[in-house]
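Protein chains in written order, with the numbering used here: chain R, 6 to 406; chain L, 2 to 426.
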Amino acid sequence: MTDTASKPGQTEVWITGIGLATSLGEGLDANWTALSEQRINVDEKGFAPFIVHPLLPVSFDSQIPKKGDQRQMEAWQRIGVYAAGLALDSAGIKGNKDILSKIDMVVAAGGGERDLNVDTGVLTAEAKGANAPGFLNERLMSDLRPTLFLAQLSNLLAGNIAIVNGLGGTSRTFMGEEVAGADALRIALSRIASGESDIALVGGSHNGERKDLMVLYEFGDFNLKDKFAPVWGRKDHPGFALGSAGAFLVLESKTHAEARGAKPFAKLSSVVTDLARRKQSGDMAATLEKLWEKLPRREGKGAIISGATGAEPATSEERDFLKKHADFPVRSTGTMFGHTMETQFPLGIALAALAISRGALFPPNDSTGTEVDMQGAPTQIVVVGAGHWRGEGMALVEAVS
Amino acid sequence: MTAPRDKFGRPVVVVTGMGITTSLGAGKADNWSKLVAGESGIRTITRFPIDGLKTTMAGTVDFVSVDPFSSTGLSERMAELVTQEALEQAGIGAKGDFPGPLFLAVAPVEVEWPQRRELGRAVGKTDFTYDDLLRISGGGKYSAYHHRFMFGSVAAYLAETFGTKGSPISLSTACASGATSIQLGVEAIRRGETDAALCVATDGTVNPEALVRFSLLSALSTQNDPPQAASRPFSKNRDGFVMAEGAGALVLESYEAATARGAKILGVIAGCGELTDSFHRTRSSPDGKPIIGCMNKTLADAGMTPDQIDHINAHGTATPENDKMEFNTTSAVFGDLAQKIPVTSNKSMVGHTISAAGAVEAIFSLLTLEHQRIPPTINYETPDPTILFNVVGNKARDARVTAVMSNSFGFGGQNASLILTREPA
């Protein structure tokens, strides 16, 4: 097991910036209001029988001023660059060359956004009998846009963020579905806590409105179909509804933040991750329990923000784990935002920090009793991220004392 | 007896095991003998039809079989082979129980054409839309493809096979990925989180679409005949890189842990550096500042000065822009020494192993330190008169080598450098 908890002598790490662009809106107020009003944005028709949480349209120009830059990206990258810009704004460092020239970036990314017309064109031509040896080569050479590759490469989300915002520190892209988001935060936290880094931009983005992704998840029968239900109410009708979202955070050492007068939303105290074998029923719940034990001792008023996907058996195993900690009110980002894959964990951290800074947990949205009301202000929120297939992560976000 | 900590008080990170596969062959011995003999692994592609392609050669690894074939499957199999070799040499932990985390550099994963075509055929119609493909994807018939094409699939397989600890990290920093995997391992050991780390980098993505993608960006050499002469780093008539496959694995340990268990030390990762270029998606900033900064950061991280570097294992892709930029930036950092220090590009023989290159070349650098012999840059017949590197052209050269800088630069503004030494400083 690998873990990152602030150790004695290590610096505290604050969350000083949050950027959100989701199916509920852009920015902190819009997302908070929607959560408070238990609003959910699902599209049951556009991809029927599949269900998605579409991005609430944003004006990309405000964070990506050059049209040329926008054209070089596909939607998943535009969403991410947009959210990253909002996070830099939120931290008050947008355009601050001194800081941006050294800020470290850890991005959790998928990639591979495809041109469906090209793919379908090749396959239907082959179905009609095109079988010359070089047919695929020739079609790809003539039909693929030269710059599409750059919109597909995983590390080009980070690359585009750097180009648009003029970042000049380090840049690392982690892949690997849900847990990549947790590992990105774990590595960024450990680098700052140990003094290797002062400030980092961490997060991810996902375009859920993609049929090529639906094919991939449909291979494993993971897509939610026909009718939307909150994640805890999908046991007999399991699956996830893909969501579009970008979620970025600015993490900063307390010293660095104080020196520039930045105010924290919350502190990121610990991030732990693991890879359960998931060979037998109960493996994943046991790993979540181990991760829970590795988090620093919790004494405050706590809550849990879960990234449960709605896919089985992972969601049932996570519910078994949550039942053991029933004194922590639970909220599910999967219900409210859909499943945003690599972005789900950073999104959970963002909402935890937001809830702590606003002195309230948003209301439950569930009819199974898994989510209950919470009175008063949470001071400690555990973010849980268990992948639909592999990978488990957990983090503790706390109020700055 | 050397101190277990470097001059900054951090644990010294050493290499105790290495494994490598390239188009030249499997294993360190085979690769090294062919590398110093100046052999090329570049050949005309036979894995798939080459009709209609501008570039028809690559450094494919055809001697590793995978069934059913996929680029991700080949990446996984090569990673497994090199890890086995590295662990055998290191003699660390127990079978299936490596005492540390895994950092894996791997090409981005996606559903590939053979699987997409299988789906297309299964629709059973001659006219169909993407929705028809989507409609027949479920039901469990293709569940293996979900598992295969998860981005985390290769790392999960390696983690389970070799029993690495914690969540394995899959990473991509484009052509710098291999160097980044080593850097993440070094950092974890320096922070004291672990005594050992397994750093693996693999790339098996010579497939039609990957080749087309790089072709459309005009990045590849088109000097197809003879294929062995296509990759011409630092030559006036260089015209692009040659795609290649390969994998490298390194067992990193703290010096203290390695010596405590009596492990043979193969070399030291003395310094790592990384600096993002925000100029352009595929081109370096014309002033070279990010690369210069990257090299300077790496020297500073190692606590070394340019005169202490006695060999540079260049990124040396043989694209017109890279090699010129690499000389200019190296000159800015090393001054006149840039024309004296022997420089070589392994890519002249093994091609550009993309995600694996940083690790493959770090291993070749460590073998250079071990053998005190610098492998050649082949196809160096017509030197570019504006690139005044002391290129180890065409024939291997015996030399006293104590510290090597290995550079990796990639799309997306990724720059990473490593400094490898024989002994702790």
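Every residue gets a Cβ at the ideal spot worked out from N, C-alpha and C, and that includes glycine.
For the C-beta of R/V184, the chain L residues within less than 8 Å are, from N- to C-terminus, G153 and S168.
For L/H148, the enclosing alpha helix (DSSP H) begins and ends at S144 to R149. Shown here, L/H372 sits in a helix according to DSSP, grouped into three states. The criterion of a C-beta distance shorter than 8 Å is not satisfied by R/N212 and R/E347. In the structure shown, the three-state DSSP call for R/D279 is strand. The residues I197, A198, G200, S258, K259 and T260, in chain order, have a CB closer than 8 Å to that of R/T16 in the same chain once the five nearest residues on each side in sequence are set aside. Residue contact check for R/V220 against chain L: a CB pair falls below 8 Å.
CA-CA distance, L/G164 to L/T84, rounds to 12 Å. Within 9 Å of the CB of R/M146, the CB atoms of chain L belong to G53, L54, K55, V213, S216 and L217, in sequence order along the chain. Around the beta carbon of R/N136, fewer than 16 other beta carbons sit within 10 angstroms, so the residue counts as exposed. Residues of chain L whose Cβ lies closer than 7 Å to the Cβ of R/E223 are, in chain order, L135, S138 and G139. Taken through DSSP and simplified to helix, strand or coil, R/V57 comes out as strand.
Interface flag for L/F410 against chain R is unset, since no Cβ pair is found closer than 8 Å. Membership of L/T422 in the beta strand (DSSP E) is indicated by the continuous run Q415 to T422. In the DSSP assignment, L/V14 falls outside any alpha helix (DSSP H) and within the unbroken beta strand (DSSP E) covering V14 to T23. Chain R places a beta carbon closer than 8 Å to that of L/A157, counting this residue as a contact.
Interface residue (Cβ-Cβ distance to chain R less than 8 Å): L/R192 is classified as such. Between L/G304 and R/V388, the alpha-carbon positions lie close to 40 Å from each other. Contact with chain R is found for L/D128, since one of that chain's Cβ atoms lies less than 8 Å from the residue's Cβ. The three-state reading of DSSP puts R/H261 in helix, counting H, G and I together. For R/A319, the enclosing alpha helix (DSSP H) starts and ends at A319 to K328. L/C200 is bridged by DSSP to L/F104 and L/L251.
When 8 Å is used as the limit between beta carbons, L/G94 is near no residue of chain R, the shortest such separation being about 16 Å. Annotation: L/M244 is outside any beta strand (DSSP E) and is labelled neither H nor E by DSSP.
A straight-line Cα-Cα distance of about 6 Å links L/V405 and L/T422. Three or more beta-carbon pairs separated by less than 8 Å are not found between the stretch 365-377 of chain R and the stretch 389-398 of chain R, which leaves the two stretches without contact. Rounded to the nearest whole angstrom, the CA to CA distance from L/A245 to R/R265 is 47 Å.
Under the 8 Å criterion on CB atoms, R/M399 is classed as non-interfacial with respect to chain L. Residue environment for R/G164: buried (at least 16 other C-beta atoms within 10 angstroms of its C-beta). With a beta-carbon spacing of about 7 Å, R/N46 and R/P59 fall inside the 8 Å limit used to define contacts. Contact check for L/Y131 against R/L229 fails: the beta carbons are separated by 8 Å or more.
Separation of the CB atoms of R/E183 and R/Q349 is rounded to 6 Å, and the pair is thereby assigned contact status at 8 Å. Around the beta carbon of L/T387, fewer than 16 other beta carbons lie within 10 angstroms, which makes this residue exposed.
For L/T403, the closest alpha carbon among the candidates L/E371, L/L75 and L/K237 is that of L/E371. Excluding five sequence positions before and after L/M151, the CB atoms of its chain that fall closer than 8 Å to its own CB belong to V110 and A157, given in chain order. Straight across, the Cα-Cα distance linking L/L419 with R/F270 is about 37 Å.
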